[in-house]
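Step one of this worksheet: look at the structure below.
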Amino acid sequence: MRRSLLLIVVMALAAGCQYEPLDNQANKPRLANAVLSRDIIVTGTAYLLYLQNNDGNLGSFLCTAEQNIEGWASDELNDESCIGCGRTFTLGMSTVETTCDFGTGAAADIAFTPLDFLDRTTNESLGNWLDENEAVEYLNTTWEPRGSSEWKPRMGVFEDDWATDPSDHATIPSSSPNGTCQGQYCAQGRFWYGTADWWSRFWFDLDIDLDEA
Numbered sequence: 087m088r089r090s091l092l093l094i095v096v097m098a099l100a101a102g103c104q105y106e107p108l109d110n111q112a113n114k115p116r117l118a119n120a121v122l123s124r125d126i127i128v129t130g131t132a133y134l135l136y137l138q139n140n141d142g143n144l145g146s147f148l149c150t151a152e153q154n155i156e157g158w159a160s161d162e163l164n165d166e167s168c169i170g171c172g173r174t175f176t177l178g179m180s181t182v183e184t185t186c187d188f189g190t191g192a193a194a195d196i197a198f199t200p201l202d203f204l205d206r207t208t209n210e211s212l213g214n215w216l217d218e219n220e221a222v223e224y225l226n227t228t229w230e231p232r233g234s235s236e237w238k239p240r241m242g243v244f245e246d247d248w249a250t251d252p253s254d255h256a257t258i259p260s261s262s263p264n265g266t267c268q269g270q271y272c273a274q275g276r277f278w279y280g281t282a283d284w285w286s287r288f289w290f291d292l293d294i295d296l297d298e299a
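Quick note: the sequence shown uses my numbering, first residue 87, plus one each step.
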């Protein structure tokens, strides 16, 4: 009896080994497959552009990163520290193409905010930039290229396209070769954020299924 059971186990293992292994993309877990169930209603692309830090000034092109975005509604994050915040979402970002030899961010919280809520005494540069480029809203975020941070006004939201073409300094990877925003919401960081080695700016190209929000 024991010999028969052993033969059955060996045959089952041999049969299982005949399946082709999953390729990297098929085997990669996705946010929608997480144990904590999320209704993925935000999709899109993030683009990050890095320039060398040239003694505190913007230097020559360093590298770019393109990330897929999947996100969900996160109304619970809209608290008193997020001034004027409206629709609030968490974005999960996974890098699909990069010429950088260092890692990039994996998650960001964003909140769409009416322009009237911007404190222009402490955000004069941002306010002027939003006006000059005819922004329709701005984004409070808890993220910038150096990492996570507190809620802060960091991005403009524009109709049809971004205020600044991300390919002004270098060609962004293949899905947006001309720096054209394809989504419903075109959000762009106002400032360059720096470390001792680089300066970076970021762009979001987003679609949001508001019927599911």
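Each residue gets a CB set at the ideal place from its N, CA and C atoms; glycine is no exception. Since the model is a prediction, treat every value here as computed from it, not as a measurement.
- [ ] Could you please give the first and the last residue of the uninterrupted beta strand (DSSP E) stretch that includes GLY275?
- [x] Here residue 275 is taken as the residue at index 189 of the sequence shown, counted from 1. 271-275 is the extent of the beta strand (DSSP E) around GLY275.
TODO: Answer yes or no: do VAL128 and PHE198 have a C-beta to C-beta separation smaller than 8 angstroms?
DONE: Position 42 of the sequence shown, counted from the start, is the residue given in the question as residue 128. Position 112 of the sequence shown, counted from the start, is the residue given in the question as residue 198. Taking 8 angstroms as the Cβ cut-off, VAL128 and PHE198 do not qualify as a contacting pair.
Open item on the list: So for ASN219, helix, strand or coil by DSSP?
Closed with: For this step, residue 219 is matched to residue 133 along the sequence shown. The answer is coil: DSSP assigns ASN219 none of H, G, I, E or B.
Task: Local conformation of LEU296 per DSSP, three classes - done: Taking the first residue of the sequence shown as position 1, residue 296 is located at position 210. Residue state, collapsed to three classes: helix.
TODO: Taking 8 angstroms as the threshold, find out whether the segment 197-213 comes into contact with the segment 144-153 through three or more Cβ pairs.
DONE: no
Open item on the list: Would you call the segment 216-230 in contact with the segment 165-175, where contact means no fewer than 3 C-beta pairs closer than 8 angstroms?
Closed with: yes
Task: CYS149 at chain B interface by Cβ criterion, 8 angstroms - done: Annotation note: the requested chain B is absent from the structure, which comprises a single protein chain.
Task: Beta carbon of GLY275 nearer than 8 angstroms to that of GLU230 - done: Here residue 275 refers to the residue found at position 189 of the sequence shown. Here residue 230 refers to the residue found at position 144 of the sequence shown. Result yes, Cβ atoms of GLY275 and GLU230 sit closer than 8 angstroms.
Task: Length of the line joining the Cα atoms of THR250 and TYR136 - done: As a working note, residue 250 is residue 164 in the sequence shown. As a working note, residue 136 is residue 50 in the sequence shown. Their backbone Cα atoms lie some 15 angstroms apart in a straight line.
Task: Proximity to LEU216 [Cα-Cα], best of ARG232, ASN140, PRO239 - done: As a first step, residue 216 is located in the sequence shown; it is residue number 130 there, counting from the start. The option with the nearest alpha carbon to LEU216 is PRO239.
Task: Simplified DSSP state of PHE288, which is helix, strand or coil - done: Translated into positions along the sequence shown, residue 288 becomes position 202. Strand.
Open item on the list: So, at 6 angstroms on beta carbons, what are the nonlocal neighbours of ASP293 in its own chain, with the 5 sequence-adjacent residues on each side left out?
Closed with: What you label residue 293 is simply residue 207 of the sequence shown in a count that begins at 1. Result list for ASP293: THR129, GLY130, GLY269, GLN270, in chain order.
- [ ] Could you tell me the distance, in whole angstroms, from the CA atom of GLY142 to the CA atom of SER286?
- [x] For the purposes of this step, residue 142 is taken as residue 56 along the sequence shown, with counting starting at 1. For the purposes of this step, residue 286 is taken as residue 200 along the sequence shown, with counting starting at 1. CA-to-CA, the gap between GLY142 and SER286 works out to about 13 angstroms.
TODO: List the residues that DSSP assigns as beta-bridge partners of TRP158.
DONE: In the sequence shown, residue 158 corresponds to position 72, counting from 1. TRP158 pairs with THR176.
TODO: Quick one: give me the first and last residue of the beta strand (DSSP E) that ASP195 is part of.
DONE: Position 109 of the sequence shown, counted from the start, is the residue given in the question as residue 195. Residues 193-199.
Open item on the list: Which residue wins for smallest C-alpha separation from CYS168, given the options GLY191, ALA193, VAL182, ASP205?
Closed with: The residue labelled residue 168 in the question sits at position 82 within the sequence shown. Comparing Cα positions, the closest option is ASP205.
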